[in-house]
Structure formats: C-alpha cells, structure tokens
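2 protein chains.
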Amino acid sequence: MSKQESGAVDPGGAVQGCCPGLLRTPLGEDESVELARVFKALGDPVRLRLLSLIASRDGGEVCVCDLTPAFDLAQPTISHHLKLLREAGLIASQRRGTWVYYRLLPESTDRLARILTRAAAPEAAGA
Amino acid sequence: MSKQESGAVDPGGAVQGCCPGLLRTPLGEDESVELARVFKALGDPVRLRLLSLIASRDGGEVCVCDLTPAFDLAQPTISHHLKLLREAGLIASQRRGTWVYYRLLPESTDRLARILTRAAAPEAAGA
Numbered sequence: 001m002s003k004q005e006s007g008a009v010d011p012g013g014a015v016q017g018c019c020p021g022l023l024r025t026p027l028g029e030d031e032s033v034e035l036a037r038v039f040k041a042l043g044d045p046v047r048l049r050l051l052s053l054i055a056s057r058d059g060g061e062v063c064v065c066d067l068t069p070a071f072d073l074a075q076p077t078i079s080h081h082l083k084l085l086r087e088a089g090l091i092a093s094q095r096r097g098t099w100v101y102y103r104l105l106p107e108s109t110d111r112l113a114r115i116l117t118r119a120a121a122p123e124a125a126g127a
Numbered sequence: 001m002s003k004q005e006s007g008a009v010d011p012g013g014a015v016q017g018c019c020p021g022l023l024r025t026p027l028g029e030d031e032s033v034e035l036a037r038v039f040k041a042l043g044d045p046v047r048l049r050l051l052s053l054i055a056s057r058d059g060g061e062v063c064v065c066d067l068t069p070a071f072d073l074a075q076p077t078i079s080h081h082l083k084l085l086r087e088a089g090l091i092a093s094q095r096r097g098t099w100v101y102y103r104l105l106p107e108s109t110d111r112l113a114r115i116l117t118r119a120a121a122p123e124a125a126g127a
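Chains D and H are the protein sequences, given in the same order.
Going left to right, the first sequence walks through residues 1 to 127 as full-length UniProt numbering numbers them.
Going left to right, the second sequence walks through residues 1 to 127 as full-length UniProt numbering numbers them.
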C-alpha cells in the first residue's frame with residue numbers, strides 16, 4: 001500500500017472550468033458525483049432505448065403515447081424511467097393537451113461525448 | 001396509450017454493424033443491454049475517479065498502490081470498483097511483481113464518445 005513506485009496520485013484540484021475531459025485530468029470529487037448521476041441514468045437498457053428513440057426521432061420530439069407501445073412494460077414504469085432521464089438533464093418534457101412530449105437535450109450528450117474524448121496529442125502538449 | 005398522433009416507434013432492427021450511434025437510430029434490445037452495462041460501470045463517483053486517474057496518468061499506466069491512497073476507502077473496495085471497470089471493458093490490468101498495474105482501454109471510451117456524438121446534418125442525410 002506504499003507509494004514507492006511512482007508517487008501518489010493527487011485526485012483533487014485538477015478540475016477547473018467546464019469539461020476538462022475525464023481522460024485528460026483527474027476528475028474532482030464534486031464533478032465525479034454529478035457526472036456519475038448522468039452515467040447512472042444511462043446505465044439501464046430501457047432508459048438507453050428510450051433516450052435513443054427520443055434522440056433519433058425526426059422532428060426531435062416524441063409523444064409518450066408513441067414510446068410506451070415500443071416496450072413490454074407498464075406506462076408507470078416507462079414514466080419512471082423517463083423521469084430519471086429528465087432528472088439527469090438528458091431530456092426535457094412538455095405537456096400539450098393529453099400527451100407529454102419528450103426531446104433530447106443535446107448539450108448533455110455533447111458534454112458526455114466531449115468528456116470521453118481523448119486529447120489529440122497529449123505528449124506534445126507539454127513540450 | 002394509442003398511437004394516433006405520430007405512429008408507433010419501432011425500436012427493433014435499426015442497429016446494424018458497429019456503433020450506429022445512440023442518437024441517430026433506435027438502439028436494439030441486445031445492444032442496449034450490453035451498452036447499459038458499460039454506462040452502469042461509469043455510474044459511480046469512485047469508479048469515475050479511478051478511470052480518470054488511470055486515463056490521465058502520464059505513461060498510461062497506474063499501479064494500484066498509487067490509486068488506493070487517493071481514496072478514503074479500503075483496498076478491497078477499490079479492488080472491487082476496479083474489477084467492475086475491467087469487466088465493463090474500460091480498463092485492463094497486468095500483475096508485475098507485487099503490484100497490479102491498470103491502463104485505459106481507449107477503444108472503449110472512443111466507442112462511447114462516438115455513440116454519444118450527434119450526426120452532423122441529420123436533415124440533409126435523407127434528401
């Protein structure tokens with residue numbers, strides 16, 4: 001458990017500003033908690049399929065009435081999964097008349113994509 | 001629960017070949033199960049920080065002896081989190097002498113970044 005081989009890792013203090021990239025600098029504790037909540041929302045097959053159905057729909061919006069028939073699940077279960085995606089900031093909803101409509105919040109998925117993208121040339125950066 | 005407003009979503013059959021993009025075509029059931037497992041592995045603050053420490057380390061490899069002191073957690077807990085990251089295909093490990101060394105499997109995070117990236121011009125694609 002000693003540090004003799006290559007020095008202890010300092011996990012704090014490296015995350016500054018927006019979106020430094022998970023793979024470039026050690027993630028701070030606060031950001032890891034916030035980010036884990038978003039990834040956890042994606043960590044379920046039904047929620048992934050819901051997000052994918054919403055995101056890939058032409059027009060950018062899907063009625064909940066069109067999402068439910070795509071799953072062999074009860075409406076309250078679908079609604080619960082949609083709520084978790086909404087609370088994670090991945091989708092937004094709007095009620096119009098009888099139905100609720102869902103749309104992707106692309107800035108959220110853009111952020112995740114950016115966070116998971118490697119630096120172009122890490123070796124050259126410090127030279 | 002009816003489909004009258006915009007037609008039912010067909011979630012099947014749209015996923016072909018490698019990595020069609022979660023946001024471009026509806027995800028199939030099998031891929032959603034596999035992908036959810038990877039996102040679930042990322043859905044924990046300690047695992048995110050471990051992955052970030054491993055990925056951002058110069059030289060690309062971190063001794064477990066350097067990871068443990070960065071957390072206020074017991075060695076078996078850290079090992080358990082590392083095992084889940086490994087089982088999700090995000091990191092690889094190699095024992096050398098006393099210590100186990102971990103490195104990022106960048107093709108995994110590249111894949112996630114690609115899956116979360118929007119199509120450049122979705123409207124123009126079908127014209």
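The beta carbon of each residue, even a glycine, is placed where N, CA and C say it ideally should be.
- Any Cβ of chain D closer than 8 Å to the Cβ of Asp72/H would place that residue at the interface, and such an atom is absent.
- Distance between Arg57/H and Ala92/H, taken at the CA atoms: about 14 Å.
- For the C-beta of Val100/D, not a single chain H residue is nearer than 9 Å; the gap to the nearest is close to 12 Å.
- In its chain, beyond the 5 residues on either side, Glu61, Cys63, Gln94 have a beta carbon closer than 6 Å to the beta carbon of Tyr101/H.
- When 9 Å is used as the limit between beta carbons, Lys40/D is near these residues of chain H: Phe39, Lys40, Leu42, Gly43, Asp44, in chain order.
- With fewer than 16 other beta carbons inside 10 angstroms of its own, His80/D counts as exposed.
- Spatial neighbours of Phe71/D in its own chain (CB-CB distance under 7 Å, excluding positions within 5 residues in sequence) are listed in chain order as Val46, Ile78.
- Residue pairing of Arg47/H in beta bridges, as defined by DSSP: absent, with no partner found.
- Cβ contact annotation for Leu105/H (same chain, cutoff 8 Å, sequence separation greater than five): Gly89, Leu90, Ile91, Ala92, in chain order.
- Here Ala55/H has Leu104 as same chain residues with Cβ atoms under 7 Å from its own Cβ, once five neighbours each way along the sequence are excluded.
- With a beta-carbon spacing of about 23 Å, Ser52/H and Leu48/D fall beyond the 8 Å limit used to define contacts.
- Each residue's CA atom was taken as its position, placing Trp99/D and Pro69/D some 14 Å apart.
- Out of Lys83/D, Arg118/D, Ala119/D, the CA that lies nearest to the CA of Val38/D is found in Lys83/D.
- It is roughly 41 Å from the alpha-carbon of Arg118/H to the alpha-carbon of Arg96/H.
- Residue burial annotation: Pro76/D is exposed, with fewer than 16 other C-beta atoms found within 10 angstroms of its C-beta.
- Rounded to the nearest angstrom, the Cβ distance from Leu85/D to Leu50/D is 6 Å, consistent with a contact under 8 Å.
- At least one CB of chain D lies nearer than 8 Å to the CB of Arg24/H.
- The beta-carbon of Ala92/D is placed no less than 8 Å from the nearest beta-carbon of chain H.
- At least one C-beta of chain H is nearer than 8 Å to the C-beta of Pro106/D.
- For the pair Leu116/D and Val33/D, the Cα-to-Cα distance works out to about 16 Å.
- Per DSSP, reduced to three states, the secondary structure at Ala113/H is helical.
- The DSSP assignment places 64-67, 75-87, 106-115 as complete runs of the alpha helix (DSSP H) inside the region 57-121 of chain D, in order along the chain (cut-off: 4 residues).
- Under the Cβ criterion of 8 Å, Thr77/H is not counted among the residues facing chain D.
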